[in-house]
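J.: These protein sequence lines are chains A and B, in that order.
For the first sequence, the residue numbers in the numbering used here are 1 to 369.
For the second sequence, the residue numbers in the numbering used here are 370 to 728.
Virtual Cβ for every residue (Gly too), placed ideally from N, Cα, C.
Dumping the structure here so I can ask a few things about it.
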Amino acid sequence: MFPEAVAAMLPFYSERFANPSGSHRFAREARAAVDEARDLVAEVIGCTPGEVIFTSGGTEGDNTAILGTVARRSGTAVCPAAEHHAVLASVERVHGLQVPVMADGSVDLDALASILELTPEVTVVSVMAVNNEVGTVNDLAAVAAVVAEHAPQAVLHTDAVQAPCWVDLRTITPHVQLLSLSAHKFGGPKGVGVLVARQGATFDPLLIGGGQERERRSGTHNVAGIVALTEALRLTDAHRNSEVSRIAGLRDRLVDNVVAGLDGVHETVPRSRKVAGSAHLCIEGIESEALLFLLDEAEVCASAASACASGAMEPSHVLAAMGVPRERALGAVRLTLGRTTTETDVDRGAEVLVGAVDRLRRGKGSGRR
Amino acid sequence: MKVLVALSGGVDSSVAAAELISAGHEVVGITMRLWGGESDTGCCSVADVDDARRVAQQLGIDHLVFNFTEDFHTSVVDPYVQAHRDGVTPNPCIECNRHLKFHRLSERADLLGFDAVATGHHALIVEGDDTGSGERGVRYVARGADPAKDQSYVVHMLSQRELARTLFPIGHLTKAEVRRRAVALGLRTATKPDSQDVCFITDDGGRARFLGDRIEFRRAVVVDATDGTPLGETGALEMVTIGQRRGLGLPGGGPKRYVVGIDRESARVSVGGEDLLLRSQQGVGEVVWAHRAVAGELRVQCSAHGDAHPATLEHTADSGGADEVVVHWLQPQRVVAPGQSMVFYDSADRLVLGGGIAL
């Protein structure tokens, strides 16, 4: 988290503890903090304050956008096959359809067009801004044009959870009716997020009761979380340009060093098609689970796909959707860079990774067992 | 030593980890995710993984989960289903030990720089001396200290190479002592019941539903073995096992009747008295040896908790190798259902010398 975001939330756990929905002076003080936060968030996102709904995070935003729209307007939903599970599971629940993706992980626009053409009952299309596993950026202007032409009755939702550090949200918002964010992906706390619902994007709320957030999301406001989210979003927006070029340089250095140090390394997505902070590689001749163990032992924290409820790594549905052969996907590794990453970090990361892969390949080839 | 301990989320492996730590080893806990489908318990459910992780946290060791679901499917579940299709009675727990715990996991541990893999099995690994049947300098699986919980039968397949890299830290303890130690350490698994049955089959629906979803059951007629009189019908030939007494839908009363023959071609199950099950010899295939092939007098155990009966082992001339043998029983024994594991113990009934699968 940004230290500024941590500092911003603390008063709301002590002297400014009141519930903003109350009517006394302390409540009004908390209310003012939420109102100011909403204004600032709207400015960074490029929407009006009334269009900002504070949520518990990305999953709630995705679920509300898809399930809520279908509940209100009936019909069904479609999404690309490489979406986050919060979207995939929602689309599955409303018996929706999955659209194929291209080899780089972006949505296949021609396939989207024909599926929308053949499925007139679609009321919501959900396409992620940036893929959480491989970092691919979708062209949401192009997606919006396809939706407008082939499914004018549908709204477009984007899971933009991975976007704020890398993409100016003001370039995304004009193309969509619904947009989901999660604070912990841009230096804010876990458990708080934003759902943007542009004017006219009506849906049935997932949470009902007290009528907070203009009846669109009931539940007492997480004031500390909202204030911290806002501070983190503000800082992310202010530093984005310089950070993106700095981190892209580090990412290139990391990947170049790994590729130079090892045979059989494949960059999953061309760098021109993805965000700066993502390095995703498929490494031949190793299993990512074993590699992650050795990296962790050397205090290099990486990931492969996504973990299931037991904590086991599941085979990546994203790589499968992209048509990456299973054999190659077994050696997937995902290294993420961010605000705190330094040149020393990436150099050590590359060195440890190359050493670990060498060791696994040698062990396997030696036939000791 | 650097030891990878397989934590199932049960009390035995929890205490095994604790024993290793107090012996001064560098210990990492690992839970294998084996089954992606529905499961009640036994290495597979999220609740068990939670227990394993909490025990590891309590003991202050790292805990990881390895996803071996594909291997489990290929080496255990698919063969289990195929065996039923073929009219064979499989032992999936033994195949899981053979292919997953002591092969896949052991290989992975080796690759990651561990010296040994430990499990919570009630069995021992001992070096032979010249006083018993064991040979000096050779490692054997031996019966665990608790006769009621001994699991040497299910880990009989370990080779010398595997035995050198495997630890059974609680094999010298009784189950009661294991539980006492778990209580003393305040482990949350101390009073957890023992796992039962096949881990990938849920209580709800059981074996019939699991297999029914994967095999098309054939109806079969049940006849009297002596005179061929039809006695009834069973809906699933693939669920019938030699030696089975219940679940054939025959009227009660009268002498006990067992399945003594299964004719898959004509879909006929013959039943008869226990005497019809008795055999003086039994063929065994796919035999593996702890060290090298043995013959002569020993004891043979045919189920996880059965007794080991005295027998003479003979290598048949026509089998062409040491992986097929004939067991000659000292006293006639019930026929062993094809597919069941048969484990050879020394005549003192202590050391595992080898084992195979009933033909």
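Would you list the residues sitting across from B:Ala680 in a DSSP beta bridge?
T.: Indexing the second sequence from 1 puts residue 680 of chain B at position 311. Looking at the DSSP assignment, B:Ala680 forms a beta bridge with B:Leu667, B:Trp698.
J.: If contact means a Cβ-Cβ distance below 9 Å, which residues of the region 419 to 437 of chain B contact chain A?
T.: Residues Asp419, Arg422, Asp431, His432, Leu433, Val434, Phe435, Asn436, Phe437.
J.: So the beta strand (DSSP E) B:Asn436 belongs to, where does it begin and stop?
T.: For the purposes of this step, residue 436 of chain B is taken as residue 67 along the second sequence, with counting starting at 1. That run of the beta strand (DSSP E) goes 431 to 436.
J.: Quick one: which residues of the region 474 to 499 of chain B get their C-beta closer than 9 Å to a C-beta of chain A? List them in chain order.
T.: Cβ contacts with chain A come from Ser475, Glu476, Arg477, Asp479, Leu480, Leu481, Gly482.
J.: Between A:Leu262 and chain B, is any beta-carbon pair separated by less than 9 Å?
T.: Reading the first sequence from its first residue, position 262 is the one you call residue 262 of chain A. Closer than 9 Å: no.
J.: Report back the beta-carbon spacing between A:Leu67 and A:Ser90 to the nearest angstrom; my notes put them in contact at under 8 Å.
T.: Here residue 67 of chain A refers to the residue found at position 67 of the first sequence. Here residue 90 of chain A refers to the residue found at position 90 of the first sequence. Right, their Cβ atoms sit about 5 Å apart.
J.: Would you kindly check if the distance between the Cβ of A:Gly193 and the Cβ of A:Ser21 is under 9 Å?
T.: As a working note, residue 21 of chain A is residue 21 in the first sequence. As a working note, residue 193 of chain A is residue 193 in the first sequence. No, the pair does not count as a contact, with Cβ atoms beyond the cut-off.
J.: Are the C-beta of B:Arg402 and some C-beta of chain A separated by less than 9 Å?
T.: The residue labelled residue 402 of chain B in the question sits at position 33 within the second sequence. It does: the Cβ of B:Arg402 has a partner Cβ on chain A nearer than 9 Å.
J.: Interface residues of chain B around A:Glu289 at Cβ under 7 Å?
T.: As a working note, residue 289 of chain A is residue 289 in the first sequence. Within 7 Å Cβ-Cβ: Phe435, Asn436.
J.: So who's on the other strand from B:Gln565, going by DSSP bridges?
T.: Here residue 565 of chain B is taken as the residue at index 196 of the second sequence, counted from 1. Beta-bridge pairing links B:Gln565 to no other residue.
J.: When burial is assigned at 16 or more other CB atoms within 10 Å of the CB, is B:Val552 buried or exposed?
T.: For the purposes of this step, residue 552 of chain B is taken as the residue at position 183 of the second sequence. So B:Val552 ends up on the exposed side.
J.: Would you grab the beta carbon distance between A:Leu353 and A:Val258 for me? Rounded to a whole angstrom, and I think it's under 8 Å.
T.: Position 353 of the first sequence, counting from 1, holds the residue named residue 353 of chain A. Position 258 of the first sequence, counting from 1, holds the residue named residue 258 of chain A. That pair is a contact at about 6 Å.
J.: How is the alpha helix (DSSP H) around B:Pro461 delimited, first residue to last?
T.: Residue numbering aside, residue 461 of chain B sits at position 92 when the second sequence is read from its first letter. Start and end: 461 to 465.
J.: Can you grab the Cα-Cα spacing for the pair A:Val94 / A:Ile283, in whole Å?
T.: Numbered from its first residue, the first sequence carries residue 94 of chain A at position 94. Numbered from its first residue, the first sequence carries residue 283 of chain A at position 283. Rounded to whole angstroms, A:Val94 to A:Ile283 spans 37 Å at the Cα level.
J.: Smallest Cα separation from B:Asp566: which of B:Ile463, B:Val524, B:Asp447?
T.: As a first step, residue 566 of chain B is located in the second sequence; it is residue number 197 there, counting from the start. Comparing Cα-Cα distances from B:Asp566 to each of B:Ile463, B:Val524, B:Asp447, the minimum goes to B:Ile463.
J.: Can you name, in chain order, every residue of its own chain whose Cβ lies under 8 Å from the Cβ of A:Gly323, other than the five neighbours on each side?
T.: If you number the first sequence from 1, residue 323 of chain A lands on position 323. Ala103.
J.: Is the distance from the Cβ of B:His684 to the Cβ of B:Val696 below 9 Å?
T.: Stepping through the second sequence from its first residue, residue 684 of chain B is reached at position 315. Stepping through the second sequence from its first residue, residue 696 of chain B is reached at position 327. Contact: no.
J.: Please name the residue in B:Ser414, B:Ser716, B:Asp519 whose C-alpha comes closest to that of B:Gly665.
T.: Mapped onto the second sequence, residue 665 of chain B falls at position 296. Nearest of B:Ser414, B:Ser716, B:Asp519 to B:Gly665, Cα basis: B:Ser716.
J.: Quick check: is the beta carbon of A:Leu374 nearer than 9 Å to any beta carbon in chain B?
T.: The requested residue 374 of chain A is not part of the displayed model; chain A covers only 1 to 369.
J.: Between A:Ala77, A:Ala7, A:Leu195, which lies nearest to A:Cys47 when the distance is taken from Cα to Cα?
T.: The residue you call residue 47 of chain A lines up with position 47 of the first sequence. Answer by Cα proximity: A:Leu195.
J.: Going along chain B in order, which residues have a C-beta closer than 9 Å to the C-beta of A:Leu295?
T.: Counted from its first residue, the first sequence places residue 295 of chain A at position 295. Those do not exist, as A:Leu295 stays about 11 Å from chain B at its closest Cβ, beyond 9 Å.
J.: Using a Cβ-Cβ cutoff of less than 7 Å, which residues in the same chain neighbour B:Ser740 once the five nearest sequence positions on both sides are dropped?
T.: The structure shown has nothing for residue 740 of chain B, since chain B only spans 370 to 728.
J.: Helix, strand or coil: how does DSSP classify A:Phe54 here?
T.: Looking up residue 54 of chain A in the first sequence gives position 54. A:Phe54 falls in the strand class under three-state DSSP.
J.: Specify, as a first and last residue, the run of the alpha helix (DSSP H) that A:Asp237 falls within.
T.: Residue mapping note: residue 237 of chain A aligns to position 237 of the first sequence, counting from 1. Counting along the chain, the alpha helix (DSSP H) containing A:Asp237 begins and ends at 223 to 261.
J.: Is it buried or exposed, B:Arg588, if we count other Cβ atoms within 10 angstroms and call 16 or more buried?
T.: Numbered from its first residue, the second sequence carries residue 588 of chain B at position 219. Its Cβ having fewer than 16 others within 10 Å, B:Arg588 is exposed.
J.: Nearest to B:Val591 by alpha carbon, out of B:Val629, B:Asp572, B:Ile584?
T.: Sequence index remark: in the second sequence, residue 591 of chain B carries index 222 (1-based). If we check each option's Cα against that of B:Val591, B:Val629 comes out closest.
J.: If you draw a straight line from the alpha carbon of A:His157 to that of A:Gln177, how long is it in whole angstroms?
T.: Here the question's residue 157 of chain A lines up with position 157 in the first sequence. Here the question's residue 177 of chain A lines up with position 177 in the first sequence. Using only the alpha carbons, I get a separation of about 6 Å.
J.: Where does the unbroken beta strand (DSSP E) through A:Ile115 begin, and where does it stop?
T.: Indexing the first sequence from 1 puts residue 115 of chain A at position 115. Not the beta strand (DSSP E): A:Ile115 falls in the alpha helix (DSSP H), residues 109 to 118.
J.: Let me check understanding here. Comparing Cα to Cα, which of B:Thr558, B:Val638, B:Asp515, B:Asp644 lies closest to B:His541?
T.: The residue given as residue 541 of chain B occupies position 172 in the second sequence. That would be B:Asp515, whose Cα lies nearest to the Cα of B:His541.
J.: Indicate the three-state DSSP secondary structure (helix, strand or coil) for A:Gln153 in the structure shown.
T.: Locating residue 153 of chain A in the first sequence gives position 153, counting from the first residue. Reduced to three states, the DSSP call for A:Gln153 is coil.
J.: Quick one: residues in its chain with C-beta nearer than 6 Å to the C-beta of B:Gly411, no 5 flanking neighbours on either side, listed in chain order?
T.: As a position in the second sequence, residue 411 of chain B is number 42, starting the count at 1. Unreliable positioning characterises B:Gly411 in this predicted model, as indicated by a pLDDT of 49, which lies under 50. A coordinate reading is not provided.
J.: Looking at chain B, is there any beta carbon in it that lies within less than 9 Å of the beta carbon of A:Leu88?
T.: As a working mapping, residue 88 of chain A is identified with position 88 in the first sequence. So, not an interface residue.
J.: Just to confirm, is the Cβ distance from B:Arg548 to B:Ala559 under 9 Å?
T.: Within the second sequence, numbered from 1, the residue matching residue 548 of chain B stands at position 179. Within the second sequence, numbered from 1, the residue matching residue 559 of chain B stands at position 190. Yes; because the gap between Cβ atoms is below 9 Å, this pair is in contact.
J.: Can A:Ala371 and A:Val143 be called in contact, C-beta distance under 9 Å?
T.: Residue numbering for chain A in the displayed model covers 1 to 369; residue 371 of chain A lies beyond these limits and cannot be assessed.
J.: Could you list the residues in the region 331 to 364 of chain A with a C-beta less than 9 Å from some C-beta on chain B, going in chain order?
T.: Taking 9 Å as the Cβ-Cβ cut-off against chain B, the residues of the region 331 to 364 of chain A that qualify are Arg359, Leu360, Gly363, Lys364.
J.: Could you give the distance in angstroms between the alpha-carbon of A:Ala305 and the alpha-carbon of A:Ala321?
T.: What you label residue 305 of chain A is simply residue 305 of the first sequence in a count that begins at 1. What you label residue 321 of chain A is simply residue 321 of the first sequence in a count that begins at 1. Going from the Cα of A:Ala305 to the Cα of A:Ala321 covers about 13 Å.
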